[in-house]
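Colleague: Heads up: the sequence lines are chains U and W, in that order.
Just so you know, we're using the numbering used here here: the first sequence kicks off at 29 and counts up by one.
Just so you know, we're using the numbering used here here: the second sequence kicks off at 125 and counts up by one.
We put the CB at the ideal spot given by N, CA and C, even for glycine.
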Amino acid sequence: MRRALFEALQASRTAQRSVLLATRLADGAQALITDSGVEGDAVPEAIIKAAHQALRDDAARVVEHAGERWFLHPHNPPLRLIIVGAVHIAQGLAAMAPQLGFSVTVIDPRRSFATAERFPGVTLDDRWPDEAMAALAPNRRSAVVTLTHDPKLDDPALDAALRTEAFYIGALGSRRTHAARLARLAALGHAPETLARIRGPVGLAIEAVTAPEIALAILAEIVAVRRGAALSARASAEAAA
Amino acid sequence: MTEEAEDVLAIAGRWVAEGETVALATVVETWGSSPCPPGSRLAITVSGRLAGSVSGGCIEGAVAEAAREVMATGVPQLLSFGVTNERAWEVGLACGGTVTVFVEKLA
Numbered sequence: 029m030r031r032a033l034f035e036a037l038q039a040s041r042t043a044q045r046s047v048l049l050a051t052r053l054a055d056g057a058q059a060l061i062t063d064s065g066v067e068g069d070a071v072p073e074a075i076i077k078a079a080h081q082a083l084r085d086d087a088a089r090v091v092e093h094a095g096e097r098w099f100l101h102p103h104n105p106p107l108r109l110i111i112v113g114a115v116h117i118a119q120g121l122a123a124m125a126p127q128l129g130f131s132v133t134v135i136d137p138r139r140s141f142a143t144a145e146r147f148p149g150v151t152l153d154d155r156w157p158d159e160a161m162a163a164l165a166p167n168r169r170s171a172v173v174t175l176t177h178d179p180k181l182d183d184p185a186l187d188a189a190l191r192t193e194a195f196y197i198g199a200l201g202s203r204r205t206h207a208a209r210l211a212r213l214a215a216l217g218h219a220p221e222t223l224a225r226i227r228g229p230v231g232l233a234i235e236a237v238t239a240p241e242i243a244l245a246i247l248a249e250i251v252a253v254r255r256g257a258a259l260s261a262r263a264s265a266e267a268a269a
Numbered sequence: 125m126t127e128e129a130e131d132v133l134a135i136a137g138r139w140v141a142e143g144e145t146v147a148l149a150t151v152v153e154t155w156g157s158s159p160c161p162p163g164s165r166l167a168i169t170v171s172g173r174l175a176g177s178v179s180g181g182c183i184e185g186a187v188a189e190a191a192r193e194v195m196a197t198g199v200p201q202l203l204s205f206g207v208t209n210e211r212a213w214e215v216g217l218a219c220g221g222t223v224t225v226f227v228e229k230l231a
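1. How about Arg138 (chain U): is its Cβ closer than 8 Å to a heavy atom in the ligand GDP?
2. Sort out for me which residues DSSP pairs Phe147 (chain U) with in a bridge.
3. Pick out the complete alpha helix (DSSP H) segments inside the segment 89 to 134 of chain U, 4 residues or longer, and give them in chain order.
4. Give me the Cβ distance between Ala339 (chain U) and Ala79 (chain U), rounded to the nearest whole Å; I'm assuming they're in contact under 8 Å.
5. Report the residues of the segment 143 to 155 of chain W with a CB closer than 9 Å to any CB of chain U, ordered along the chain.
6. Strictly by DSSP, which residues pair up with Phe226 (chain W)?
7. Taking only three categories from DSSP, how would you classify Gln81 (chain U)?
8. What in chain W is Cβ-close to Phe195 (chain U), meaning under 8 Å?
9. Answer yes or no: do Leu186 (chain U) and Val172 (chain U) have a C-beta to C-beta separation smaller than 9 Å?
10. By Cβ distance below 6 Å, which residues in the same chain neighbour Leu217 (chain W) in space, the five residues on each side in sequence not counted?
11. Note down, in chain order, every chain W residue with its Cβ under 9 Å from the Cβ of Thr62 (chain U).
12. Could you compute how far the alpha carbon of Asn167 (chain U) sits from the alpha carbon of Ala134 (chain W)?
13. Using only alpha-carbon positions, find the residue among U:Ser140, U:Val230 and U:Asn104 that is nearest to Val115 (chain U).
14. Would Ala167 (chain W) count as contacting chain U if we go by Cβ distances under 9 Å?
15. Grouping DSSP H, G and I as helix and E and B as strand, with all else coil, what is Gly68 (chain U)?
16. Who are the near neighbours of Ser202 (chain U) in its chain, counting only those whose CB is closer than 7 Å to its CB and skipping five residues on each side?
17. Note down, in chain order, all residues in the segment 183 to 205 of chain W with a beta-carbon under 7 Å from any beta-carbon belonging to chain U.
18. Going by the DSSP bridge assignment, what does Ile197 (chain U) pair with across the sheet?
19. With DSSP collapsed to three states, give me the class of Glu47 (chain U).
20. Compare the beta carbon distance of Met124 (chain U) and Ala245 (chain U) with 9 Å and say whether it is the shorter of the two.
21. Pull up the distance between the alpha-carbon of Leu148 (chain W) and that of Glu241 (chain U), whole angstroms please.
22. Counting along the chain, where does the alpha helix (DSSP H) carrying Arg41 (chain U) start and finish?
23. DSSP three-state call for Arg191 (chain U): helix, strand or coil?
24. Pull the bridge partners of Ile168 (chain W) from the DSSP assignment, please.
25. Does DSSP put Thr62 (chain U) in a helix, in a strand, or in coil?
26. Can you give me the Cβ contacts of Ala191 (chain W) inside the same chain, cut-off strictly under 7 Å, excluding the 5 residues immediately before and after it?
So this is what it looks like as structure tokens:
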């Protein structure tokens, strides 16, 4: 990779802009492709189109065009995990999620919970969830998990999350808690198919007991949803219950 | 993909800034089971520093060898590895896949 192209790639990554590195495998010709244009060597129109698709799919792949093989390598901004509730499970999530490529933000206006001592190195947001969610603007590379058990905090966050493209929305709470929650959110005008996006009880059914185990179950479910795993009928039924 | 535990490109950039000659190896295709999906990277210096990975460890040596050549000539290489189950077992891995790796010099 030429130095100028490498530096442009790194600048895009630092600025959290989506960019794709296209490489012609026969000779190493290379270009950076974004929504706004192409920088570097000449790239056929068909490859640029395929590059935009690869960016949307967030999947690196080889594409053949006119007898030439190109490697399309998307570099999208980090996945985000937005956690509402600086509780014990959040500590587990905040510790594990970065290993899976997520940058973590913990929202909790209760200052005794959201402390740097409990969450070393984690971005903490002490605004009320509705305000924080509006500012953080979850997108289709974001997962949102509510953990407070307090409707005053969880409901506004879920209400906001359902109005975004967040690829995963999970809410901690028993089946009964969850049913009551869905009824409250329905009263706010959310349709049943919208409410079905919320995964609750949250996490895969791995008989998790401790807070880190529950965090693991939640992260496993986030990975499963992101990768399009066929979750078992039981897990799906539970998620829909 | 950006979900690597370590930022291989950033590390490679630092090495270049330190005056090292650096090669980048990138997984472009895999068949069968492979622990490193397309887009996984390994950065290698002439002095032998490594960051990242392109396999569970079974092909890193061969990739490093090719990388030395790429760093000397500046000409990129496309390498294909078929990892048999027996061989994989020998080195303590259970991948048993096939992988294509593009190796280029960070000029």
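Modeller: On the basis of the coordinates in this document:
1. With respect to the ligand GDP, the structure offers nothing, as it holds no ligand at all.
2. DSSP, once it has assigned bridges, lists no residue as partnering Phe147 (chain U).
3. DSSP runs (the alpha helix (DSSP H)) wholly in the segment 89 to 134 of chain U: 116 to 124.
4. Limits of chain U in this structure are 29 at one end and 269 at the other, which puts residue 339 (chain U) out of reach.
5. Here the close residues are Leu148, Thr150, Val151, Val152 and Glu153.
6. W:Thr150 and W:Leu202
7. helix
8. Those within 8 Å of Phe195 (chain U) in chain W number zero; the least Cβ separation is about 14 Å.
9. yes
10. In this prediction, Leu217 (chain W) has a pLDDT of 46, which is less than 50 and means its spatial position is unreliable; what the coordinates show is noted afterwards. Result list for Leu217 (chain W): Gly180 and Cys182, in chain order.
11. Under the 9 Å cutoff, chain W gives no residues; its nearest Cβ is about 15 Å from Thr62 (chain U).
12. 25 Å
13. U:Ser140
14. So, not an interface residue.
15. Three-state DSSP puts Gly68 (chain U) in a strand.
16. Pro229
17. Pro200 and Leu202
18. U:Val172 and U:Ile226
19. The sequence shown places Val at residue 47 (chain U), rather than the Glu named in the question. Strand at Val47 (chain U).
20. Result no, Cβ atoms of Met124 (chain U) and Ala245 (chain U) do not sit closer than 9 Å.
21. 37 Å
22. Arg31 to Thr42
23. coil
24. W:Ala147 and W:Leu174
25. strand
26. Ala147, Ala149, Ile168 and Val227
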